[in-house]
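>
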Amino acid sequence: MAEMRLQSLDSMGRAELLCEAQSHEFAMRDLALYLDTHPTDTEALNAFLDHKKAYKKYASVFADRFGALTMQQVEQENGWAAWSNTPWPWEKEAN
Amino acid sequence: MFQYEKALQYPVKIARPNARLAKMIMSQLGGPNGELGASMRYLNQRYTMPLRELQGLLTDIGTEELSHMEMVSSIVYQLTKGMTPEQLEAQGFADYFVDHTTGIYPVSASGIPFSAATFQSVGDAIADLNEDLAAEQKARTTYDNILRLADDPDVRDVIRFLREREIVHYQRFGEGLRLIQDQLSRYTPDPSNPYAVNPSFDPIGGPPQPRMRKRSSI
Chain A
1 MAEMRLQSLD SMGRAELLCE AQSHEFAMRD LALYLDTHPT DTEALNAFLD HKKAYKKYAS
61 VFADRFGALT MQQVEQENGW AAWSNTPWPW EKEAN
Chain B
1001 MFQYEKALQY PVKIARPNAR LAKMIMSQLG GPNGELGASM RYLNQRYTMP LRELQGLLTD
1061 IGTEELSHME MVSSIVYQLT KGMTPEQLEA QGFADYFVDH TTGIYPVSAS GIPFSAATFQ
1121 SVGDAIADLN EDLAAEQKAR TTYDNILRLA DDPDVRDVIR FLREREIVHY QRFGEGLRLI
1181 QDQLSRYTPD PSNPYAVNPS FDPIGGPPQP RMRKRSSI
């Protein structure tokens, strides 16, 4: 089962992976605003943590294959180009 | 500090350039109800908020507005990319073009440059949060007006997302206002007049009583 999941991650294209990562990122941010005014809602906190976990998974696969989303993801093997020489978000081909 | 994430909050992929539409959308970057003003409003107001929850809320919404500013700018950038000067002029973009070419510069739809006079930070949580609620409604109205005029489906999709966020922010600001209103009695010695204090400035227990001025006898 775990292997199948891994395989399906590998077969995902750039747009698909980014969409998954950003969907979870968005869910985190939306829940964050809710948690700001409902800090003791454990159900919301658990949902936040679930999305955070999923975001980290997709973002790290994305960074390995298509370039860093944050500077923290820059690693030796991909060089600085992994940050600076991939499409910037306002370009059509980045979306 | 702030950290940049190299992705838009919601994807922008506009197939057809349209400078006329770009000029309207531009208002949500540099106009009176735009995302730049929204971000500056919240990120400046947050320092003196009297509750940690409110400082957090303004930080998180103010940060999200920065990413909305980037989305609006991306729409304008893609709508004006690859056009000839003749096409730009034919679509009513000549006056913007002469000053900025197709560079992104924050102005309103009527060409007025962004001004910090479009928002306030008065250092009073009740006043500032009420302004924030109004600001979210004004931004929603502006997005509604854009949706009345824009027929490009790629643009409409993004504008609908941004409009939806104004509604969510309004909801959260309402809850934030309630959080501080529920605590106002701690700030005032007179429970019949809870609004006679500034919870961002006055200490718990109420403002110090005015001292009697010594008057020199004539």
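The listed protein sequences derive, respectively, from chains A and B.
So the first sequence is numbered by my numbering: it starts at 1 and just counts up by one.
So the second sequence is numbered by my numbering: it starts at 1001 and just counts up by one.
By construction, the Cβ of each residue, glycine as well, lies at the ideal position given by its N, Cα and C atoms.
These figures come from a predicted structure and were not determined experimentally.
1. Please report the straight-line C-alpha distance between residue 23/A and residue 1196/B, rounded to a whole angstrom.
2. Please list, in chain order, all residues of the same chain as residue 1095/B whose beta carbon is under 6 Å from its beta carbon, the five residues on each side excluded.
3. Under 8 Å between beta-carbons, which chain A residues line up against residue 1077/B? List them in chain order, please.
4. Examine the Cβ distances between the region 1041-1052 of chain B and the region 1154-1161 of chain B and report whether three or more of them are shorter than 8 Å.
5. Can you say whether residue 1209/B is buried or exposed, counting buried as having 16 or more other CB atoms within 10 angstroms of its CB?
6. What did DSSP end up calling residue 1106/B once you bin it into helix, strand or coil?
7. Alpha carbon to alpha carbon, how far is residue 1115/B from residue 1045/B?
8. Taking 7 Å as the threshold (C-beta atoms), are residue 1187/B and residue 1163/B in contact?
9. Any idea what DSSP makes of residue 1050/B, helix, strand or coil?
10. Name the chain B residues that come within less than 7 Å of residue 10/A, Cβ to Cβ?
11. Straight-line CA distance for residue 1057/B to residue 1087/B?
12. Could you pull out every residue in the same chain whose Cβ sits closer than 8 Å to the Cβ of residue 1204/B, ignoring the five residues on either side in sequence?
13. Apply the 10 Å Cβ neighbour rule to residue 1103/B and answer buried if 16 or more other Cβ atoms are within range, or exposed otherwise.
14. Can you list, in chain order, the residues of its chain whose CB lies under 6 Å from that of residue 1037/B, leaving out five sequence neighbours each side?
15. If we ignore side chains and look at the alpha-carbon of each, how far apart do residue 1/A and residue 83/A end up?
16. Taking 7 Å as the CB-CB cut-off, is residue 16/A touching chain B?
17. With burial defined as no fewer than 16 other Cβ atoms inside 10 Å of the residue's Cβ, what is the status of residue 62/A: buried or exposed?
18. What does residue 66/A touch in chain B if you count any residue whose Cβ is under 8 Å from its own?
19. Taking the alpha-carbon positions, what's the residue 48/A to residue 57/A distance?
20. Suppose contacts are defined by Cβ-Cβ distances below 7 Å. Is residue 1047/B in contact with residue 1062/B by that definition?
21. Checking the sheet assignment: what are the DSSP bridge partners for residue 1113/B?
22. Can you grab the Cα-Cα spacing for the pair residue 1178/B / residue 1201/B, in whole Å?
For this structure:
1. 44 Å
2. none
3. 90
4. no
5. exposed
6. coil
7. 16 Å
8. no
9. coil
10. Those within 7 Å of residue 10/A in chain B number zero; the least Cβ separation is about 20 Å.
11. 44 Å
12. 1186 and 1187
13. exposed
14. 1118 and 1119
15. Annotation note: pLDDT 48 at residue 1/A (below 50); position unreliable, coordinate value reported separately. Going from the Cα of residue 1/A to the Cα of residue 83/A covers about 33 Å.
16. no
17. buried
18. Simply none; closest approach about 10 Å.
19. 14 Å
20. no
21. 1107/B
22. 18 Å
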